[in-house]
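Asker: Sharing a structure, written as C-alpha cells. Questions coming.
2 protein chains.
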Amino acid sequence: MQTILILGAGKSSVYLIDYLLETAVAKNRNIIVADVSEEIASQKLKNHQSGKAIKINLDEAENRKAIIGESDLVISMLPAFLHPIIAKDCLELGKHFFSASYESEEMRQMKNGIEAKNLLFLNECGLDPGLDHMSAMKIINDEKKAGNRIFSFKSYTGGLLAPESENNPWKYKFTWNPRNVVLAGQGTSRFIQNGELKYIPYHMLYKRLENISFDEVGDFEGYPNRDSLSYRKIYGLDDISTLLRGTLRRTGFCESWDVFVQLGITDDSFKMELPSWFSHRMFFNSFLPYHETKNLEEKLQDLLPWINDEILGKIEWLGMFSNEPLPKTDGSPAAILEEILKEKWKLDFQDRDMIVMQHLLGIETPKGMKEVVSSLVCKGENQEYTAMAKTVGLPLAIAVDLFLDGKIIVRGLHVPVLPEIYEPILEALEKTGIEFEEKIRAV
Amino acid sequence: MQTILILGAGKSSVYLIDYLLETAVAKNRNIIVADVSEEIASQKLKNHQSGKAIKINLDEAENRKAIIGESDLVISMLPAFLHPIIAKDCLELGKHFFSASYESEEMRQMKNGIEAKNLLFLNECGLDPGLDHMSAMKIINDEKKAGNRIFSFKSYTGGLLAPESENNPWKYKFTWNPRNVVLAGQGTSRFIQNGELKYIPYHMLYKRLENISFDEVGDFEGYPNRDSLSYRKIYGLDDISTLLRGTLRRTGFCESWDVFVQLGITDDSFKMELPSWFSHRMFFNSFLPYHETKNLEEKLQDLLPWINDEILGKIEWLGMFSNEPLPKTDGSPAAILEEILKEKWKLDFQDRDMIVMQHLLGIETPKGMKEVVSSLVCKGENQEYTAMAKTVGLPLAIAVDLFLDGKIIVRGLHVPVLPEIYEPILEALEKTGIEFEEKIRAV
Numbered sequence: 486m487q488t489i490l491i492l493g494a495g496k497s498s499v500y501l502i503d504y505l506l507e508t509a510v511a512k513n514r515n516i517i518v519a520d521v522s523e524e525i526a527s528q529k530l531k532n533h534q535s536g537k538a539i540k541i542n543l544d545e546a547e548n549r550k551a552i553i554g555e556s557d558l559v560i561s562m563l564p565a566f567l568h569p570i571i572a573k574d575c576l577e578l579g580k581h582f583f584s585a586s587y588e589s590e591e592m593r594q595m596k597n598g599i600e601a602k603n604l605l606f607l608n609e610c611g612l613d614p615g616l617d618h619m620s621a622m623k624i625i626n627d628e629k630k631a632g633n634r635i636f637s638f639k640s641y642t643g644g645l646l647a648p649e650s651e652n653n654p655w656k657y658k659f660t661w662n663p664r665n666v667v668l669a670g671q672g673t674s675r676f677i678q679n680g681e682l683k684y685i686p687y688h689m690l691y692k693r694l695e696n697i698s699f700d701e702v703g704d705f706e707g708y709p710n711r712d713s714l715s716y717r718k719i720y721g722l723d724d725i726s727t728l729l730r731g732t733l734r735r736t737g738f739c740e741s742w743d744v745f746v747q748l749g750i751t752d753d754s755f756k757m758e759l760p761s762w763f764s765h766r767m768f769f770n771s772f773l774p775y776h777e778t779k780n781l782e783e784k785l786q787d788l789l790p791w792i793n794d795e796i797l798g799k800i801e802w803l804g805m806f807s808n809e810p811l812p813k814t815d816g817s818p819a820a821i822l823e824e825i826l827k828e829k830w831k832l833d834f835q836d837r838d839m840i841v842m843q844h845l846l847g848i849e850t851p852k853g854m855k856e857v858v859s860s861l862v863c864k865g866e867n868q869e870y871t872a873m874a875k876t877v878g879l880p881l882a883i884a885v886d887l888f889l890d891g892k893i894i895v896r897g898l899h900v901p902v903l904p905e906i907y908e909p910i911l912e913a914l915e916k917t918g919i920e921f922e923e924k925i926r927a928v
Numbered sequence: 486m487q488t489i490l491i492l493g494a495g496k497s498s499v500y501l502i503d504y505l506l507e508t509a510v511a512k513n514r515n516i517i518v519a520d521v522s523e524e525i526a527s528q529k530l531k532n533h534q535s536g537k538a539i540k541i542n543l544d545e546a547e548n549r550k551a552i553i554g555e556s557d558l559v560i561s562m563l564p565a566f567l568h569p570i571i572a573k574d575c576l577e578l579g580k581h582f583f584s585a586s587y588e589s590e591e592m593r594q595m596k597n598g599i600e601a602k603n604l605l606f607l608n609e610c611g612l613d614p615g616l617d618h619m620s621a622m623k624i625i626n627d628e629k630k631a632g633n634r635i636f637s638f639k640s641y642t643g644g645l646l647a648p649e650s651e652n653n654p655w656k657y658k659f660t661w662n663p664r665n666v667v668l669a670g671q672g673t674s675r676f677i678q679n680g681e682l683k684y685i686p687y688h689m690l691y692k693r694l695e696n697i698s699f700d701e702v703g704d705f706e707g708y709p710n711r712d713s714l715s716y717r718k719i720y721g722l723d724d725i726s727t728l729l730r731g732t733l734r735r736t737g738f739c740e741s742w743d744v745f746v747q748l749g750i751t752d753d754s755f756k757m758e759l760p761s762w763f764s765h766r767m768f769f770n771s772f773l774p775y776h777e778t779k780n781l782e783e784k785l786q787d788l789l790p791w792i793n794d795e796i797l798g799k800i801e802w803l804g805m806f807s808n809e810p811l812p813k814t815d816g817s818p819a820a821i822l823e824e825i826l827k828e829k830w831k832l833d834f835q836d837r838d839m840i841v842m843q844h845l846l847g848i849e850t851p852k853g854m855k856e857v858v859s860s861l862v863c864k865g866e867n868q869e870y871t872a873m874a875k876t877v878g879l880p881l882a883i884a885v886d887l888f889l890d891g892k893i894i895v896r897g898l899h900v901p902v903l904p905e906i907y908e909p910i911l912e913a914l915e916k917t918g919i920e921f922e923e924k925i926r927a928v
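Below is the structure:
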C-alpha cells in the first residue's frame, strides 16, 4: 500500500487528483487530499474509495508533520512561498516531495540532505515551469545526440482564452491568478540575441514584441520574460547565440495593456489610500497630468499620442472613464486595477481557457541550417476542467505515478531536464492529448 | 564645561565643526570629533585647542557607548541607516541627539522614552530635509497668523554647479553622493495639484517638468520628488489644493538623463555580471533592440525618436558609444553607469557647487490673491567649503549652539517645524549669508 499526500485542493488540482485516483485501486494506493477546507478537498475526491479528505492547518507544525509522516510521498499544490516549510518536513521525515513551482534557494540548501536520505525532490514539474522544460530538453538533447548544434532557442507560453471565448474587445479574461497577470513582466527582462546580451526595462516591454503564429489558433504576440540568461546553464546551452523565454498574449493585447504600464497603474510599490467616493475616472485621471481645460480623454491623447480609437475603446470598455465609484480604494494602483479587471475579465460559465506554447529552434546540421517549430495548443473542457489545471496537474501526476511504479529511479533534488525524467512523462502525456506538433524547415 | 560629540567627519562636516569651534573657548565647550579615521577627524579640527579627534569603531558597542557617555550632546553625521543605533545609545545614556537625516520609524518608536528622559532628539535639521522645512514653515505660519489662506505650496531644491563651473555639455558634475544622483526619482512621485491627486511613475518623471527661475542664476527644471502628500500633515496644510516638493536640475538636463531612464540603464534591481572585456558601446547596446544591419546610433534614434543632436551629443560626450572597456562590469546597470559618470562628472579643483531652493506659494488674503516666491542661492567657496556642506552643516551647528545656550528649550522628538526651533535658527543663518529672497506679487 502506497500513500500519496496532496497538499492543497485548489482549482489546479482536479486533473492531478483524477489521474491518480484512476489507477489507485489497481495500484493499491491511498490518496489523501489535505486542504484548509475539508469540504473542498472532499469535493475533488468525488467519494472515491481510495481517497480521503482531511483538513489541515499548516501553522500547526505537529499536526502537519503527523499528516506528512503517514504518507510515502507529498505533492504540494500550495502557494510557492510555503514550499520550503513542507520540503523541510519531508526531508526530516524522509518523504519524497513533488511540486510545480520554481526550485528555490532554500530548496537548494537542502540538496545534500535530500541525497543523503536517498529521496527525490522534483520541482518545476507543471506547465511553466515544467512542460516547457521537458518538451524543450527533448528537442535539445535529441538534436545534440544527432550531432547538430543549436544556435538559437526561443520559447513562448501563454495561459489565455480559447478562440471561441474571446468575446470581449480585449480577447482576454482571467483564466488564472489575476494578480500575476496584472504584475506580469515587472522587473527587467534579460536574454541573448545573436550573441548580444539584451535587457528590457518593464516600461519598454510591451513595445518590444515578436509575432508567434499557430496553425490552429492564429497569431499571438510574445514578450521576453524575466531572466532567460540563466537558462543557458539549466538547458546546457552555454554557448548559444540566442536564448529567449517569453509570454504570449493575443495580438493587440499588449499595446492596450501598455497604457496602464505607461501611466503607472500597474504599480504595486505603494498604497494609495483614496477617498471612499473616488470614481474610476478620478482614479485614471490621477495618473494623468493636470490641465486647466482639457478633459481626461484629451490629456491621455496628449501624453500617449500613439493611442488609437481601438485602444481607447478597450480602456473605455473596462469602465476606466466612468463616474462609478471604485470597487476598492485602499491598496496599490495594481491592486485597485486588479479589482476593476476581475469584474470585467470574469469567465462566463461556458468559457474555455487555452494554453499555447511554442519552441523555435535554429539548428546547424551537417547538411545545413534548419528551423524547428514545436507547438502545443491545449483547450480546457469547461470552467472546472481547464487547460491550465490539465497542463499543470498532469505532468505532476504522471511524474508521481511513474516514480511510484519504479519507472523514475533517479534520486536527489531535480527539475525535469534529465531524459530519464522527461522521456516517460512526455510519453504518458501524449496519451492524455498533451502533444506537441513539430514542424521542420530548412533555412 | 559642555561636551559636543560629532560622529562622522566626512565632507559635509566642515562648516559644522568650524562654526562650533569658533565660539568653543568663549562658551567653554569641548568638541570631540569621532570618525573611523582619526586622521580625517583631526584634519577637520585644525589643531583647535577645544577640539579632540578620536577613532571610533561603531561595531564595538562598549567603546561606542563610553565615547557617547562622556558627551552632553551627540551630532550624527553618519549615514542615515546608522542613526537608530546611535539614537538608542543616546536614549539609554540620557544624551541629546541631532541629525540632518529623515526621522525614521525606529526613531518614532523612541518618542515616549525621549520625552520621559526630558531629552531633545532633533532630526531633519540640515538642508533638505532641514532648511526647506524651516524656511517654508516660517512663510506658512506667518501667513496663517496674518489671517491668510494658503491654497498652493510648491518647493524645489537642487544641489548643482555654480554657473561659472558649468563647463561641460551636461552643465552638471557630482557635487554630492553620485549613487543618489543616479537613482534620483525612482519609485512613484505623489502630490496634489488643484485638488487632484497625482501619481507619476519613474519612467514618466523626467518628461513632466516645471520651469523654475532665479533672478541671479537663471532657469532650472523641477520634477516632483517622492511622497509630497505626506507633507500636508507635517506642514499643517491638510486642506491645501496644491502641494508639491521637487528636485531641480539645470534646464536641458532632464531630457538627456531620460535617455538612461527610458533604456533601463539606471536600473538598480539586478546584477549584470558582464564579461570583463565589455565596452561602453556594448553596455549601451545591450539596452537597445537587436537589429541585423542598423548601428547603435540608428537603433537609438528608432527607439527614442525624440532624441535630437544635442541630446545625442551629451550621451556621446560621456563615452557611451566608445569601444573602450567599461570601468566596472559587475553590478547593477545603475552601479556601472555611476562608475562611468564619476570619471566624467568629476569636479575640477577650481569648481564651485551651488544650492538652489525655491518655495512658490499661492495665498488668499482679505485683499485678494497673491503669490509669494522665496528663493535661496548659495554658492560654495571651493571644493572643501562647499555650498552643500554649508547648508547641511550650519543649520545643525546653529541648532546645537542655540540649544546649549538655552535658547531652544523644547524637548522630545522633533523636526524643525516649530517656530521656537526655526525662528532663531533662520535668524542666525542670515548672518552666515544663508538668506532667502522673497518676492510678492498680486495675482
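Going line by line, the protein sequences match chains F and U.
Residue numbers 486 to 928, in my numbering, belong to the letters of the first sequence in order.
Residue numbers 486 to 928, in my numbering, belong to the letters of the second sequence in order.
Ideal Cβ placement from N, Cα and C applies to all residues, glycine included.
Flag this pair as yes or no: are the beta carbons of U:Y716 and U:W830 separated by less than 8 Å?
Answerer: Not closer than 8 Å, so no.
Asker: Which residues in chain F have a C-beta closer than 7 Å to the C-beta of U:T508? List them in chain order.
Answerer: Residues of chain F passing the Cβ test: none, with the nearest at roughly 45 Å.
Asker: Distance, Cα to Cα, U:Q671 vs U:Y687?
Answerer: Cα to Cα, the separation comes out at about 5 Å.
Asker: Using the C-alpha atoms, what's the distance from F:G615 back to U:G737?
Answerer: Whole-angstrom Cα-Cα distance: 50 Å.
Asker: Quick check: is the beta carbon of F:T673 nearer than 8 Å to any beta carbon in chain U?
Answerer: It does; some Cβ of chain U falls within 8 Å.
Asker: So that I know if they touch, is there some Cβ in chain U lying closer than 8 Å to that of F:S754?
Answerer: Yes, because at least one Cβ of chain U sits closer than 8 Å to the Cβ of F:S754.
Asker: Could you check if U:R711 is buried or exposed, using at least 16 other CB atoms within 10 Å of its CB as the buried criterion?
Answerer: It counts as buried.
Asker: Do the CB positions of U:G598 and U:L563 come within less than 8 Å of each other?
Answerer: Their beta carbons are not under 8 Å apart, which means U:G598 does not touch U:L563 by this criterion.
Asker: Following the continuous alpha helix (DSSP H) through U:E905, name the residue where it begins and the one where it ends.
Answerer: Unbroken alpha helix (DSSP H) run through U:E905: 904-916.
Asker: Counting Cβ pairs closer than 8 Å, one from the region 715-733 of chain F and one from the region 642-653 of chain F, do we hit at least three?
Answerer: Result yes; three or more Cβ-Cβ pairs closer than 8 Å.
Asker: In the DSSP assignment, find the alpha helix (DSSP H) that holds F:C739 and state where it starts and stops.
Answerer: Counting along the chain, the alpha helix (DSSP H) containing F:C739 begins and ends at 738-748.
Asker: Select from U:G680, U:R549, U:S807, U:P818 the residue whose C-alpha is nearest the C-alpha of F:E777.
Answerer: The shortest C-alpha separation from F:E777 is found at U:G680.
Asker: By the criterion of Cβ-Cβ separation under 9 Å, what are the contact partners of U:G749 in chain F?
Answerer: Those within 9 Å of U:G749 in chain F are T673, Y684, I685, P686, Y687, H688, M689.
Asker: Spell out whether any CB of chain F is found under 8 Å from the CB atom of U:N679.
Answerer: Interface residue, yes.
Asker: Quick one: Cα of U:L781 to Cα of U:P790, how far?
Answerer: Looking at the two C-alpha atoms, the distance is approximately 13 Å.
Asker: Name the chain F residues that come within less than 8 Å of U:F888, Cβ to Cβ?
Answerer: Simply none; closest approach about 36 Å.
Asker: Which class does F:P564 belong to by DSSP, given the choice of helix, strand or coil?
Answerer: The answer is coil: DSSP assigns F:P564 none of H, G, I, E or B.
Asker: With a Cβ-Cβ cutoff of 8 Å, do F:V518 and F:I502 count as a contact?
Answerer: In contact: F:V518 and F:I502 (Cβ atoms closer than 8 Å).
Asker: Tell me whether F:E628 sits in a helix, a strand or coil according to DSSP, three-state version.
Answerer: Helix, per DSSP.
Asker: Closest Cβ-Cβ distance between F:N710 and chain U: below 8 Å?
Answerer: F:N710 does not count as touching chain U.
Asker: Whole angstroms are fine: how far does the CA of U:K596 sit from the CA of U:I552?
Answerer: Spanning the two alpha carbons is a distance of roughly 23 Å.
Asker: State yes or no: is the beta carbon of F:R766 nearer than 8 Å to at least one beta carbon in chain U?
Answerer: Taking Cβ atoms only, chain U never reaches closer than 8 Å to F:R766, which makes this a no.
Asker: When you compare each of F:A927, F:V928, F:S771, F:L889 to F:M757 by their alpha carbons, which one comes out closest?
Answerer: When each option's Cα is compared against that of F:M757, the closest is F:S771.
Asker: Distance, Cα to Cα, U:H581 vs U:G897?
Answerer: Cα to Cα, the separation comes out at about 10 Å.
Asker: Taking only beta carbons into account, state which residues of the region 715-734 of chain U come closer than 8 Å to chain F, listed in chain order.
Answerer: The residues in question: there are none.
Asker: So, at 8 Å on beta carbons, what are the nonlocal neighbours of F:I541 in its own chain, with the 5 sequence-adjacent residues on each side left out?
Answerer: L492, A519, D520, V521, N548, R549, I552, listed in sequence order.
Asker: Compare the Cα-Cα distances from U:H765 to each of U:I719, U:L826, U:G721, U:A585 and report the closest residue.
Answerer: When only C-alpha atoms are compared, the closest one is U:L826.
Asker: Helix, strand or coil for U:D503, going by three-state DSSP, please let me know.
Answerer: Helix at U:D503.
Asker: Threshold first: 4 residues or longer. Then list the alpha helix (DSSP H) segments lying entirely within the region 774-827 of chain F, N to C.
Answerer: As far as the region 774-827 of chain F is concerned, its whole alpha helix (DSSP H) runs of at least 4 residues are 781-788, 794-802.
Asker: Going straight from the alpha carbon of F:A565 to that of F:E920, what length do you get?
Answerer: Distance between the alpha carbons of F:A565 and F:E920 is about 27 Å.
Asker: Below 8 Å on the Cβ atoms is my guess for F:V885 versus F:L558; work out the distance and round it to an integer in Å.
Answerer: Confirmed, about 6 Å.
Asker: For U:F699, list the residues DSSP reports as bridge partners.
Answerer: Partner(s): U:G703.
Asker: Could you check if F:Y720 is buried or exposed, using at least 16 other CB atoms within 10 Å of its CB as the buried criterion?
Answerer: By the 10 Å Cβ count, F:Y720 comes out buried.
Asker: Should the region 909-924 of chain F be called in touch with the region 529-545 of chain U, which here means at least 3 C-beta pairs below 8 Å?
Answerer: In short, these stretches do not touch, since the Cβ pair count stays below three.
Asker: Per the contact definition of three or more C-beta pairs closer than 8 Å, is the region 832-840 of chain U in contact with the region 858-874 of chain U?
Answerer: Contact between the region 858-874 of chain U and the region 832-840 of chain U is present, because at least three Cβ pairs lie under 8 Å.
Asker: Taking the CB atoms as reference points, tell me whether U:T751 and U:K639 lie closer together than 8 Å.
Answerer: Their beta carbons are not under 8 Å apart, which means U:T751 does not touch U:K639 by this criterion.
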